Structure formats: structure tokens, C-alpha cells
Amino acid sequence: MANGYSSGRRGQVEASAPPLNGNIALVALGVVAALYFGREVFIPIAGAILLSFVLASPVRLLQDWGMGRRSSVAIVVVLAFAALLSVAAVLVSQLTQLAGDLPRYQWTIRDKITAFKDTAGGHGPVGRVAELLQDLTDEIKLPPRPKAGDAPAVLDHAPPERPVRVEVVDTGGSPIQTISNFISPLLHPLATTGLVAIFVVFILLQRNDLRNRLIRLAGSHDLQRTTAAMNDAAVRLSRFFLTQVTLNACFGVVVGLGLWLIGIPSPVLWGILAAISRFIPYVGVVIAAGFPLLLGAAVDPGWSMLLMTAGFFLVVEFLVAQVIEPLLYGHSTGLSPIAVIVSVTFWTWLWGGVGLLLATPLTVCLVVLGRHVEQLEFLEVMLGDRPPLTEAEIFYQRMLAGDAGEGFEQAEAFLRDHSLTTYYDEIALKGLALAQLDAGRGVLDGAALSRVEETVSDLVDELSDYQDVVPRPEAPQAEAEKAGTKRADGDADLDETLERADERTDTLPTLAEDDLAPDWRGAATVLCVAGRNQLDRAGAQMLAQLLAKHGLGARVEGAELLASNRPLPLDPSEVRLICLSFLDTTAPVHVRFAVRRLRRRFPDAQILVAAWGIADDEAEKLCAASRSSACASRLSDALRYCLDAARRRPDAGVLPSDEAVPRELPRASAA
5 MANGYSSGRR GQVEASAPPL NGNIALVALG VVAALYFGRE VFIPIAGAIL LSFVLASPVR
65 LLQDWGMGRR SSVAIVVVLA FAALLSVAAV LVSQLTQLAG DLPRYQWTIR DKITAFKDTA
125 GGHGPVGRVA ELLQDLTDEI KLPPRPKAGD APAVLDHAPP ERPVRVEVVD TGGSPIQTIS
185 NFISPLLHPL ATTGLVAIFV VFILLQRNDL RNRLIRLAGS HDLQRTTAAM NDAAVRLSRF
245 FLTQVTLNAC FGVVVGLGLW LIGIPSPVLW GILAAISRFI PYVGVVIAAG FPLLLGAAVD
305 PGWSMLLMTA GFFLVVEFLV AQVIEPLLYG HSTGLSPIAV IVSVTFWTWL WGGVGLLLAT
365 PLTVCLVVLG RHVEQLEFLE VMLGDRPPLT EAEIFYQRML AGDAGEGFEQ AEAFLRDHSL
425 TTYYDEIALK GLALAQLDAG RGVLDGAALS RVEETVSDLV DELSDYQDVV PRPEAPQAEA
485 EKAGTKRADG DADLDETLER ADERTDTLPT LAEDDLAPDW RGAATVLCVA GRNQLDRAGA
545 QMLAQLLAKH GLGARVEGAE LLASNRPLPL DPSEVRLICL SFLDTTAPVH VRFAVRRLRR
605 RFPDAQILVA AWGIADDEAE KLCAASRSSA CASRLSDALR YCLDAARRRP DAGVLPSDEA
665 VPRELPRASA A
């Protein structure tokens, strides 16, 4: 992370990039039109792709146990579709039973509405709502209220004045036509299910071939990287969808058992509905709870069953959403909230109810493709929950706008979990490196550079109250929550980088005056000098602040100090070490010139070249070429070198030995 800032910058606009044109809009319209008019074909394909991700893990498990691919696929597909058909049969049975029982609950609903109207008194908004509900119930033609022991009701009305004419019409329906009328509504769902089964079988059997074709389309110029990305994406999607299906199925079982204990009719139906509805973001649980709540109000003459059902759903959903899901696959599906809403709206408009259920899984697949396929990166930017700009890019953008306030908010949030040195190393210096790239391309003039330097100076001054320590969790629960929140691939790599940076900060001591060698106890024993421009001075300011926090006196000077005709602002004999800050080391001649000039003006001082962000091997070459005392590419390395050099020793006044200098800082012979 400390190396190669330009390679990680996604927001940089190349001058040669072609402008957007109408071809992209035409292609997008063509894709949408194809998905809409070809939905009879694309819906089974999409369902098969998602189902194949779910079934891929069981297939691999059977193969690991020694079964062949075809046998594993056949067993898993047969069991899966047998389970789906069984669930469908149970749904039909439960719906039929519920439809027959509904007339018994209509009188309970009417009595509650009447009682509600009497309580409201007919005044105010509540009374008007009660009257509206009463009017609706009056429109419903209810049968006479049944009473225990009553004989069948006999109609008491006058006979008709004349006989009613009854005519029997022969429809000519044959048994075959009757069977056809019964089966025809089932043909379309059965055909779709059959297509899904066929596609699933072929996708699972030809998984490797399909992967290779996708790799060919994605980027065959780098087979190793593309293959690793595709395999990793497939495994992660498979685990995610299988975990989600298993979790939602368990949620449905728990809901069914809970409603059965409460006494809600048809609990199996509502358990299945809860498992299916949980695939719908945000409103799925509301849909799953709505019908049992209405039924609880209709069955129970009182309100206890309704309240128990509402409390049961609140507790179960809270445990699943806030405890179980974060432990299994983190708080987020990788989609931004607005992307979830847009995707649900789009797929529902495109494919109806099926699109509503498939919206989130399909969008997750698109985001994963955008994360691993370079040509589809725009999908992750538009739909993913990762910030569109990196922390370093946000820092640079705020500094460029002269907004130190928002930069401080960013720093404040970052410093809740990390040290100040880590913030400067991993965000601030990388943001300055982006500014240096723009300055090298000639898009930043002197005024912009000065504005960036002034804003960074204000930010560094605002951060002077923070200690350079790694914050610790206040309670074990905070650590558990942090451990339960799993990140995506790139975020996990960033977390690992930040942890290593914090570990380097943890090893840095804070020296008291008695810990310093006698000639290191002055107010400006360390001189932090900008190498070339204002950006280098900003890096020097950060280093000087950190040195002061660790017990060393430091002073910042601009690149003007390198001019031979400028009088020295301090006594050269007081300076023990000079840290020369560079953000641009593409021309080592400038570094060598600066080192030689400083050696003449401060003959007794060590010189540390701080080339922020270069690789360790490049730092070693730069150190040898410039003939400096040492080189560092991170603030933590420069701090360690300075603190070790200033520490009191029995041989005080002698330059630190090779064993005392940190191993990651290559040393060069003195000029």
C-alpha cells in the first residue's frame, strides 16, 4: 500500500480517454429491450445461474467424497427440485385449507371494527377511519352468524309469483377437455421449472468450460490474475447464496414453529412465505409478518394473539438481522442502499414478481463481476457499497478545494481506530502523492499548490491534540462486533495494511528528556526540510509534528534553505539530524544535489532522505546514489530512525551503530 500511488488511483482521468457517445445508450437500450421481450427465456436462465451458485457447494462436496461429476450433479439437482416441488405442493394445500376457513373469521373482524367505531365515538380522524371501515364491512355480504345448537336456517319469504324457468345446457365437455382445463394453468410454471432444471444441469456440468469462456472475454492477457479472480468470485458467490438460502430457510422454520405455538392458522404456509419474502430487501419481512398479523386479529376475539405475533416477528428479525447475519457474512451484501432500491424497481418492472425475488441476487452477481472484470468496473462503481473515491483521493480533493473542515472530519473518523502516524502514512501522504502526480503533469499551478499546502498545514494544526497511539476497544463487545463485520476482498487487504501500520506505530517509544542524549535535548535538534515544493513541505510538517509527540524537538523549513545565498535561520551546531522530505524522486539528481548542499551547510548533522511512498529496493538505490545517512519511505520508519539516533547511550555523541538503525532503513556511506 505504501508503494506505487499512481497504480491505485482510479479517479485519475487520462487525457486520451475518448468521450462518451450515444453508442453506450443504444447498447443499454438494446440490452433492456432484449431482457424485457425475451423474459420467457432469460428468467429461466437467470434463475438457473443463481440456483447453480447455491448447488455448486454440495456438488463439490460430493465430488470430494469420491463421486463423479455427473453423478454428483444428478443427485443434487434431483434432491433440490424434489424439495422445491414438495414446498410448492405444501403451499397449494395450505392455501386451499386457508381459503375454506376464511369465512369463519369474517364475523370476528366485523365485531372488532364495530367496537373500534364505538370507542372512537365518531369524532375526529379516528372516528372517520372507523366509519370507513364500517362502510367497507357493510359491503361484504356475510352469512348469518352461526349459533351453537341452531337448526339449519329456513328461508322465510313469500314464494315467487311465478315459477323460475330452469334450462339445462349441455356444454359438450368431454373428460379430456376437463383434464385439459385443469392442467393448462399449470403448464407454464411446469415448463419454466423444467427449463430451469435443464439449464442448472448443463451449467453445473459445464462449469469449467463456462468459466474459461468468461475468462477469455474478461481478459486472457493476464490468465493467472483473471483465473484467480474468477475462481474466488465463484466460490464467494456460491457460499454467499448457499448461506443466504440456508439462513432464510431456517428463518421460515422458526417463524412456522413460533406461529404454531401462538395459534395462528396455517403456520406452515406463513413459514414458507417468510422464507421466500426475506429475499426481498427492506419490505420482505413486512410482507412476511403482514398476513399472520391480520389473521391473528381475525382469529382471536381479543388482541393478545396479534400482539404476540408482532412481538415474535420483532424479536426474530432483530436477532437474524443484527446478530446472525453479521456473524455469517457481514452487515452488507456489497450493494449500496440506493442500488438496492433501484435494482428492485428495475427488475420488478422488467420481470414482475420473479424480478422482485431475483433483484438482489442478480445485482450482487453484477457487482462481483464489476469487481473482478476490468471492462465491467463501472457496475461496481454504480451499484457497490464501496466509496467511489479512496480515502487518499477524498483527502486530496478536500485539500484541493481548501476544505480543511471536511478533511478533519475524515481524519477524526479514521483516528477512532488507528494511530495518527497510520493516518498520515496511509491517507495524507498518499493524497499528497496524487497532488504531486498532477503537479508533474502540469495541471496544478503555483496557486493551487500553495492552497493545498496551506490547507494541509491547517489540518495538521487541528490534529495537534491527538496522541500518536493506536486506540483500543473500550469493551470486548466492540471487538466482537468488529470481528463479526467481514469485508470484501479489497477492503480486507486494506484492513491488513492498516493493522501492519498500527503495529509499527505501537513499537515507537515516546522519549522523555532523560532518555535523550545530551546534544539531542534542544528545541530544534531535528530539521525537517522540504525537498522541492510546497507539497514536500506539507510532508515535512507531518513528520515534525510526530517527532514532537514522541519527545524530539523539530523545526520545519522550506526548500529555500537549500539556496546558498540564504542566511541560516538557526545555529548549525544545534542541528543533529536533517530529514529531507521528497514526494517526487523520479529525478535522483535533485535529491543528490539537496544532500550535498545540506552537508556543506550542516557538516555535523546526519541526513535522512524521506522519499515518501517508494519501494524499499528503490529507497536503497536512492540512498546509495544520494550518499545520505539513511532513507525512509514511511513516516513510521523515519520516526524510528530519529528516535533511535536520539536515544541516550553509553557512547553518547557517537553516530548510531548499524544494529541501532532499523533494518528496513538501508544506510549509505557518509559523503
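Take 5 as the starting number for the sequence shown in the numbering used here and just add one per residue.
Built from N, CA and C at the ideal position, the CB exists for glycine as well.
All values derive from a computational prediction rather than experimental measurement.
Residue i and residue j closer than 8 Å at C-beta
i	j	result
Ser-340	Leu-387	yes
Val-63	Val-82	no
Ala-614	Ala-642	yes
Asp-506	Thr-426	yes
Thr-589	Leu-556	no
Leu-362	Gly-51	yes
Phe-606	Val-579	yes
Leu-404	Ala-452	yes
Leu-299	Ile-268	yes
Val-257	Gly-275	yes
His-554	Leu-448	no
Leu-626	Val-599	no
Ser-633	Asp-608	no
Trp-396	Gly-435	First, the residue type needs correcting, since residue 396 is Ala and not Trp in the sequence shown. Against a cut-off of 8 Å, the Cβ pair of Gly-435 and Ala-396 comes out as a contact.
Ser-242	Ser-61	yes
Thr-349	Pro-285	no
Asp-389	Gly-357	no
Leu-246	Arg-74	no
Glu-457	Gln-401	no
Thr-367	Gly-359	no
Asp-621	Ser-637	no
Val-473	Gln-549	no
Glu-321	Val-289	yes
Thr-398	Phe-418	Note that residue 398 is Ile in the sequence shown, not Thr. For Ile-398 and Phe-418, no; Cβs fall outside 8 Å.
Cys-583	Leu-602	no
Close Cβ partners of residue i (< 6 Å) along its chain, the five nearest in sequence each way excluded
i	result
Trp-616	Leu-433, Gly-543, Leu-587
Leu-199	Pro-48
Asp-575	none
Pro-573	none
Leu-102	Ser-270
Leu-565	Val-533
Thr-459	Met-403, Gly-406, Ala-408
Presumed contact (8 Å Cβ cut-off) between residue i and residue j, rounded CB distance
i	j	result
Arg-559	Leu-531	6 Å
Leu-55	Phe-46	Not confirmed; about 15 Å, so no contact.
Val-371	Glu-384	5 Å
Gly-262	Phe-316	5 Å
Arg-652	Ala-527	About 18 Å; that fails the 8 Å criterion.
Ala-629	Pro-592	5 Å
Burial state of residue i (16 or more Cβ within 10 Å)
i	result
Ala-157	Reliability of the predicted coordinates at Ala-157 is poor, the pLDDT of 43 falling under 50, and the value obtained from them is presented with this limitation in mind. When all chains shown are included, Ala-157 counts as exposed.
His-192	exposed
Cys-254	exposed
Glu-503	exposed
Ser-568	exposed
Ile-28	exposed
Leu-277	buried
Glu-517	exposed
Ser-347	buried
Arg-282	buried
Arg-644	buried
Gln-471	exposed
Ser-454	exposed
Pro-1	The structure shown has nothing for residue 1, since the chain only spans 5 to 675.
Residues that residue i bridges to, as DSSP identifies them
i	result
Phe-283	Beta-bridge pairing links Phe-283 to no other residue.
Ile-611	Ile-582
Glu-397	Partner(s): none; Glu-397 has no beta bridge.
Glu-561	Val-533
Cys-635	Val-613
Arg-651	Leu-520
Gly-388	Leu-339
Contacting residues, own chain, Cβ-Cβ under 7 Å from residue i (five flanking each side not counted)
i	result
Leu-467	Ala-415, Leu-424
Ala-84	Leu-59
Arg-508	Ser-640
Val-272	Val-94, Gln-98, Gly-260
Pro-475	Arg-420, Asp-421
Own chain, CB closer than 8 Å to residue i, minus 5 neighbours either side, in chain order
i	result
Ser-585	Cys-532, Val-533, Ala-534, Gly-535, Asp-540, Arg-541, Gly-543, Ala-544, Leu-547, Ala-614, Trp-616
Met-234	Arg-215, Leu-218, Ile-219, Ala-222, His-376
Ile-207	Ala-52, Ile-53, Ser-56, Leu-214
Leu-354	Val-36, Leu-39, Tyr-40, Arg-43
Phe-412	Leu-463, Glu-466, Leu-467
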